[in-house]
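Those sequence lines, one after another, are chains A and B.
Take the first sequence: its letter number 114 is residue 117 in our numbering, and every next letter is one higher.
Take the second sequence: its letter number 279 is residue 297 in our numbering, and every next letter is one higher.
Note that the Cβ used here is the ideal one computed from N, Cα and C, for glycine as well.
Computed from a prediction, not measured in an experiment: that's the story for all the values here.
Written out below as structure tokens is the structure these notes cover.
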Amino acid sequence: MMKYTSQAVAKPYFIAAIGLFIAQVVFGLIMGLQYVMGDFLFPEIPFNVARMVHTNLLIIWLLFGFMGASYFMVPEESERELWSPKLAIVLFWIFLAASVLTILGYLLVPYASLA
Amino acid sequence: MGREFLEQPTITKVGIVIVVLGFIFNIGMTVLSGRKTVVSVVLLTGLVGLAVFFLFSFYNPDNLVLDKYFWWWVVHLWVEGVWELILGAILAFVLIKVTGVDREVIEKWLYLIIAMALITGVIGTGHHYFYIGTPEYWMWLGSIFGALEPIPFFMMTLFAFNMVSRRRREHPNQAAVLWALGTAVMAFLGAGVWGFMHTLAPVNYYTHGSQITAAHGHMAFYGAYVMIVLTIISYAMPILRGQGNAASAGAQRVEKWAFWLMTVSMVVITLALTGAGVLQIWLQRMAEEPMSFMATQDSITFFYWLREAAGLGFLIGLVLYVYSFFVGKATTPARSAA
Chain A
4 MMKYTSQAVA KPYFIAAIGL FIAQVVFGLI MGLQYVMGDF LFPEIPFNVA
54 RMVHTNLLII WLLFGFMGAS YFMVPEESER ELWSPKLAIV LFWIFLAASV
104 LTILGYLLVP YASLA
Chain B
19 MGREFLEQPT ITKVGIVIVV LGFIFNIGMT VLSGRKTVVS VVLLTGLVGL
69 AVFFLFSFYN PDNLVLDKYF WWWVVHLWVE GVWELILGAI LAFVLIKVTG
119 VDREVIEKWL YLIIAMALIT GVIGTGHHYF YIGTPEYWMW LGSIFGALEP
169 IPFFMMTLFA FNMVSRRRRE HPNQAAVLWA LGTAVMAFLG AGVWGFMHTL
219 APVNYYTHGS QITAAHGHMA FYGAYVMIVL TIISYAMPIL RGQGNAASAG
269 AQRVEKWAFW LMTVSMVVIT LALTGAGVLQ IWLQRMAEEP MSFMATQDSI
319 TFFYWLREAA GLGFLIGLVL YVYSFFVGKA TTPARSAA
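Now the structure itself:
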């Protein structure tokens, strides 16, 4: 059982982390194949784009994981509810939207014209 | 823009800063107004460090040497600095829960580990400053402190196995225990051993920017950071899902299979890339008549195919891992411990 109900905000963070982890591995496999079949998925997903998506997804999902871990651990360690569960949920959706949009930007917009 | 890992458009970087600041504020207010433990203070310190060093991603000097110099302040001081604090805190938290060993004992280990991580890791940044236009003294500093960087990871391995062997209870979540031990071993191998392999300047003279780096990067990220996140997910998810202290025995069995499939696959990926790296260095940089980059790449495709096959094994392990969340969920909740 959860000791503090606000620990529950960790759950969406963990689910998002796992989802992005799967995407990271898929792009890793695409790139791994491009090492030996140079024109695989070219020009749709060039190697440099796949590489960017692979490494950026890694960072993003680990951050989701660290955040989920913190939201789960800190109430229990501090012996009190999280200061603001609502803020945690709002930030979750902002972070997820920004992450997905950025990855889509990598895939759909030529990098040179991306801000 | 355009720098590895930091390719995010400026607007995304600003968004990351806002999200992380809000997150740290929320966590910080909770820590500061509640019971302060070594675990939560180390965690918070790591998170603040993560935010502070990310700010260097906004600094983009025109001079390529300075650019790389400060790029490492984000990348190295994250993964070989402040992230180790986060890793240590999560590992300590899970070990307190699953072993029942006194918090005081675990906290002492945590202090020693993070002290060694920072003592070796901060100046260890120098092992990225070989042959890129930075002053020569970095060769000595980077080699010496880099060579010491495996120590905190070795301590983590000793820590995890010691605590588990001194456990005062059999926690029902054995999958989480497996992940915690796995993290300690694989972080030592990936970050410690594979990092040491190319941290000495005379070795790095040949290995710089080769597939050896890719081999190290894969096993270190998986062993240290992927596995610690999966450790806390493994521990926390059953509790968050109202399954008591642990998932069903069936679900844990699937999760442990996923652990082994992913971990063994990552070992094979790392060995394949190491093979590719050694051959690459030999053919391209050490042979009597060095080959061109692309000709070299064409000669080592065997290892790239091996890596791809192992990558497929990793994906299967990951799918199995996701599947483990859906095993035996139909049974009644609160099937807790014994």
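Is E98 (chain B) helix, strand or coil when you go by DSSP? Residue mapping note: residue 98 (chain B) aligns to position 80 of the second sequence, counting from 1. In the structure shown, E98 (chain B) sits in a helix (DSSP, three-state: H, G or I).
Secondary structure of W86 (chain A), DSSP reduced to three states: Translated into positions along the first sequence, residue 86 (chain A) becomes position 83. Here W86 (chain A) sits in coil by DSSP.
Chain A beta carbons: is any one of them nearer than 8 Å to that of G106 (chain B)? Locating residue 106 (chain B) in the second sequence gives position 88, where the first residue counts as 1. Not closer than 8 Å to any Cβ of chain A, the Cβ of G106 (chain B) fails to qualify, so no.
Hey, quick one: how far does the alpha helix (DSSP H) through M34 (chain A) stretch, first residue to last? Sequence index remark: in the first sequence, residue 34 (chain A) carries index 31 (1-based). Counting along the chain, the alpha helix (DSSP H) containing M34 (chain A) begins and ends at A13 to V39.
In the DSSP assignment, find the alpha helix (DSSP H) that holds M70 (chain A) and state where it starts and stops. Residue mapping note: residue 70 (chain A) aligns to position 67 of the first sequence, counting from 1. Residues F50 to S81.
Quick one: is S51 (chain B) near chain A, going by C-beta distance under 8 Å? Taking the first residue of the second sequence as position 1, residue 51 (chain B) is located at position 33. So yes, S51 (chain B) belongs to the interface.
With distances taken Cα to Cα, identify the nearest neighbour of V234 (chain B) among B:A265, B:W197, B:R259 and B:P168. Taking the first residue of the second sequence as 1, we reach residue 234 (chain B) at position 216. The residue you asked about is not Val; residue 234 (chain B) is His in the sequence shown. Per the Cα distances, B:P168.
Quick check: the Cα distance between A91 (chain A) and A101 (chain A), rounded to an integer number of angstroms? Within the first sequence, the letter at position 88 stands for residue 91 (chain A). Within the first sequence, the letter at position 98 stands for residue 101 (chain A). Going by C-alpha positions, A91 (chain A) is about 15 Å away from A101 (chain A).
Could you work out which residue in B:V195, B:L159, B:N78 and B:E273 is closest to L218 (chain B) when comparing CA atoms only? Within the second sequence, the letter at position 200 stands for residue 218 (chain B). Ranking B:V195, B:L159, B:N78 and B:E273 by CA distance to the CA of L218 (chain B) puts B:L159 first.
Alpha carbon to alpha carbon, what distance is there between P308 (chain B) and I98 (chain A)? Here residue 98 (chain A) refers to the residue found at position 95 when the first sequence is read from its first residue. Here residue 308 (chain B) refers to the residue found at position 290 when the second sequence is read from its first residue. A quick correction: the sequence has Phe, not Ile, at residue 98 (chain A). Near 47 Å, if we compare the C-alpha coordinates of P308 (chain B) and F98 (chain A).
Does the distance from the C-beta atom of V345 (chain B) to that of V272 (chain B) stay below 8 Å? Taking the first residue of the second sequence as position 1, residue 345 (chain B) is located at position 327. Taking the first residue of the second sequence as position 1, residue 272 (chain B) is located at position 254. In this structure, V345 (chain B) lies near V272 (chain B), with their beta-carbon atoms less than 8 Å apart.
Which listed residue (B:Y322, B:G260, B:V38 and B:M47) has its alpha carbon closest to that of A232 (chain B): The residue you call residue 232 (chain B) lines up with position 214 of the second sequence. Nearest in C-alpha terms to A232 (chain B), of all of B:Y322, B:G260, B:V38 and B:M47, is B:Y322.
Output the distance between the C-alpha atoms of G68 (chain A) and F239 (chain B), rounded to the nearest integer angstrom. Your numbering for residue 68 (chain A) matches position 65 in the first sequence. Your numbering for residue 239 (chain B) matches position 221 in the second sequence. So the alpha carbons of these two residues sit roughly 13 Å apart.
Boundaries of the alpha helix (DSSP H) in which A265 (chain B) is found, first to last residue: As a working mapping, residue 265 (chain B) is identified with position 247 in the second sequence. Where A265 (chain B) is concerned, there is no enclosing alpha helix (DSSP H), given that its DSSP letter is neither H nor E.
Are any of the Cβ atoms in chain A nearer than 8 Å to that of Y341 (chain B)? For this step, residue 341 (chain B) is matched to residue 323 along the second sequence. Chain A, which has no Cβ nearer than 8 Å to the Cβ of Y341 (chain B), makes this no.
Who are the Cβ neighbours of V112 (chain B) in its own chain at under 7 Å, not counting the five residues just before and after it? Counting from 1 along the second sequence, the entry for residue 112 (chain B) is found at position 94. Only A194, A198, T249, I250 and Y253 meet the Cβ criterion.
What are the boundary residues of the alpha helix (DSSP H) that includes S317 (chain B)? Working through the second sequence from its first residue, we reach residue 317 (chain B) at position 299. For S317 (chain B), the enclosing alpha helix (DSSP H) has its first and last residue at F311 to S317.
Relative to the C-alpha of L73 (chain B), which candidate in B:T292, B:G151 and B:I34 has its C-alpha closest? Here residue 73 (chain B) refers to the residue found at position 55 of the second sequence. The residue from B:T292, B:G151 and B:I34 with its alpha-carbon nearest to that of L73 (chain B) is B:I34.
Helix, strand or coil at V119 (chain B) [DSSP, three-state]: One-based indexing of the second sequence puts residue 119 (chain B) at position 101. Of the three classes helix, strand and coil, the one that applies to V119 (chain B) here is coil, per DSSP.
Rounded separation between Y149 (chain B) and H94 (chain B) - CA only: As a working note, residue 149 (chain B) is residue 131 in the second sequence. As a working note, residue 94 (chain B) is residue 76 in the second sequence. Computed Cα separation, rounded: 17 Å.
Run through DSSP, which three-state label would P113 (chain A) get? Locating residue 113 (chain A) in the first sequence gives position 110, counting from the first residue. P113 (chain A): coil per DSSP, three-state reduction.
Short CB-CB distance (under 8 Å) between P27 (chain B) and chain A: The residue labelled residue 27 (chain B) in the question sits at position 9 within the second sequence. For P27 (chain B), the closest Cβ of chain A is nearer than 8 Å.
Which residues bound the alpha helix (DSSP H) around F177 (chain B)? Within the second sequence, numbered from 1, the residue matching residue 177 (chain B) stands at position 159. The continuous alpha helix (DSSP H) containing F177 (chain B) extends over residues P168 to S183.
Identity of the residue in B:L291, B:W278 and B:G293 nearest V337 (chain B) by Cα: By 1-based counting over the second sequence, the position of residue 337 (chain B) is 319. For V337 (chain B), the closest of B:L291, B:W278 and B:G293 by C-alpha to C-alpha distance is B:W278.
Hey, does P78 (chain A) have any beta-carbon neighbour from chain B nearer than 8 Å? By 1-based counting over the first sequence, the position of residue 78 (chain A) is 75. Residue contact with chain B for P78 (chain A): present (Cβ-Cβ distance below 8 Å to some residue of chain B).
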